């Protein structure tokens, strides 16, 4: 159980696909689900951990979105998990060109607990009517943790690249590649990750999002 909590904690800086790099828009609501995580060796092949996240985001304005997520995989193992935060799109003329986000991610059970913040930055845009490409950096920072988790690094920067396939006006499918915790030793913890050299862990996420239109698009 402690190893599972540690794995979730290491990836909690960015559990869901970074789909808020695409602005939601004032008055709109976007619901999403994500499956995946760091790649681990399974039968000799690289397989993403099946970490699931379900969430919703709301466009407070055209420049500000808020979001919250729950973590079904964690719940299935008796671990409570919750994330919440906001994203700012400061360039009004091209809102997805720059996104600055912040979130709080918490996991806990009867024995261990951890609280992370994530300060992230992203940029991107449409390269075709049906395709949005972007990337950026998550900065996970452990604020509070039990003794087991305090043995691990407190800072977990994670690079990502995101491709959003715009299936329709409302539906998008996200594929996101990550280099998790690239400042950490990827061979020093269980399970057996796929680091670059000895650093961090490569990962893959698949997500789907559905948008309900509100006041504007």
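Residue numbers (our numbering): 17 to 233.
We put the beta carbon where it would ideally sit given N, CA and C, even for glycine.
Nothing here was measured: the structure is a model prediction, and the numbers come from that model.
From the listed residues 39, 50, 44, the smallest Cα separation to residue 219 is found for 50.
Assigned with DSSP and collapsed to three states, residue 112 falls in helix. Within its own chain, the residues whose Cβ lies closer than 6 Å to the Cβ of residue 124, once the five positions on either side in sequence are excluded, are 96, listed in chain order.
With a threshold of 16 other beta carbon atoms within 10 Å, residue 106 falls short and is exposed. Assigned with DSSP and collapsed to three states, residue 88 falls in helix. Taking the Cβ atoms as the reference, residue 103 lies roughly 5 Å from residue 115, within the contact range of under 8 Å. 9 Å or more divides the Cβ of residue 39 from the Cβ of residue 99.
Per DSSP, the unbroken beta strand (DSSP E) holding residue 48 starts and ends at 45 to 58. A residue is called buried when at least 16 other Cβ atoms come within 10 angstroms of its Cβ; residue 195 meets this threshold and is buried.
Taking residue 149 as reference, the option from 170, 189, 135, 121 with the minimal CA-CA separation is 189.
The beta carbon of residue 33 lies closer than 7 Å to those of 50, 178, 190, 192, 221, 223 in the same chain, with the five residues before and after it left out. Here residue 196 is bridged, per DSSP, to 217. Looking at 78, 72, 93, 77, the one whose alpha-carbon comes closest to that of residue 84 is 72.
The Cβ atoms of residue 141 and residue 176 do not sit closer than 9 Å to each other.
By the C-beta density criterion, residue 147 is exposed, having fewer than 16 other C-beta atoms within 10 angstroms. Spatial neighbours of residue 208 in its own chain (CB-CB distance under 8 Å, excluding positions within 5 residues in sequence) are listed in chain order as 56, 57. Under the three-state reduction of DSSP, residue 98 is assigned to strand.
In the DSSP annotation of this structure, the continuous segment of the beta strand (DSSP E) that includes residue 129 starts and ends at 129 to 144. Residue 198 and residue 54 have their C-alpha atoms spaced approximately 12 Å apart.
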